[in-house]
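Before any comments, here is the structure.
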Amino acid sequence: MERTFLMIKPDGVQRGLIGEIVSRLERKGLQLVAAKFLVVTKETAEKHYEEHKGKGFYEPLLEFISSGPSFAMVWQGDNVIALTRALIGKTDALEALPGTIRSDFAVHTNFNLIHGSDSPANAAREIGIFFSPSELVDYEHTIQRWV
Ligand code: IDP
Ligand code: MG
15 MERTFLMIKP
25 DGVQRGLIGE
35 IVSRLERKGL
45 QLVAAKFLVV
55 TKETAEKHYE
65 EHKGKGFYEP
75 LLEFISSGPS
85 FAMVWQGDNV
95 IALTRALIGK
105 TDALEALPGT
115 IRSDFAVHTN
125 FNLIHGSDSP
135 ANAAREIGIF
145 FSPSELVDYE
155 HTIQRWV
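Numbering-wise, the working numbering comes out as the position in the sequence shown, counting from 1, plus 14.
Below, the structure written as structure tokens:
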């Protein structure tokens, strides 16, 4: 069983897509472990996106991600990192396949609605930035044996 960090970005919140996106994750059969509605600070944004420091889109990305509330989550399931990256779709709005969140709702790459961890190491790192261990809820998800 794997965990991942997902975050509906300020554009997704403002566009009223929290319910739609959470619903897709629930219907997939994934397990919600933690959730938090917050405005990401500049310091937290720098930590979260440190791998992109120096790139052309880095500064605008920090501005954008801290420009309004986001909805941060931890989800759990077998292969949850690869599965959620597939549900989210490619970074470039033009390359995201129909049926993915980014294809269905995003027009531009810089307003692509949701973040998803891309590896187990980054998932652990990002979960640690946004959540303390006591905020990760351990419970039996009774549908798991049917998924
Ligand atoms: P990901 O979110 O699909 O993992 P990354 O390459 O990790 O994509 O980039 C992080 C975020 O930076 C993207 O989700 C997007 O918001 C922004 N970004 C990445 N590349 C570009 C770009 O070429 N133009 C504008 N924004 C970009
Ligand atoms: Mg990424």
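Even glycine gets a Cβ: it sits at the ideal position worked out from N, Cα and C.
Closest option to Ser146, judged by alpha-carbon separation, among Ala86, Glu64, Gly82, Arg41: Ala86. It is roughly 18 Å from the alpha-carbon of Arg139 to the alpha-carbon of Ile22.
Of the heavy atoms belonging to the ligand IDP, none sits nearer than 7 Å to the Cβ of Asn93.
In this model, Glu60 and Leu76 are separated by some 7 Å (Cα to Cα). Here Gln90 is buried: its Cβ has 16 or more other Cβ atoms, across all protein chains shown, within 10 Å. Straight through space, the alpha carbons of Lys104 and Leu46 are spaced by roughly 23 Å.
The region 93 to 124 contains, as complete alpha helix (DSSP H) runs of 4+ residues, the segments 94 to 102, 115 to 119 (chain order).
Under the DSSP definition of a beta bridge, Arg17 partners with Gln90. Between Leu44 and the set Val88, Thr55, Phe125, the nearest pair of CA atoms involves Val88.
Taking a cut-off of 8 Å on C-beta distances, the region 121 to 128 does not touch the region 50 to 67, as fewer than three cross pairs fall below it. Relative to the non-hydrogen atoms of the ligand IDP, the Cβ of Phe71 comes within a distance shorter than 7 Å of at least one. In the DSSP assignment, Ile128 is bridged to Ile22. Counting along the chain, the unbroken beta strand (DSSP E) around Val47 starts and ends at 45 to 52. The Cβ atoms of Arg17 and Leu101 lie no closer than 8 Å to each other. Residue Ile128 holds the alpha-carbon nearest to the alpha-carbon of Arg29 among Gly70, Ser133, Ile128.
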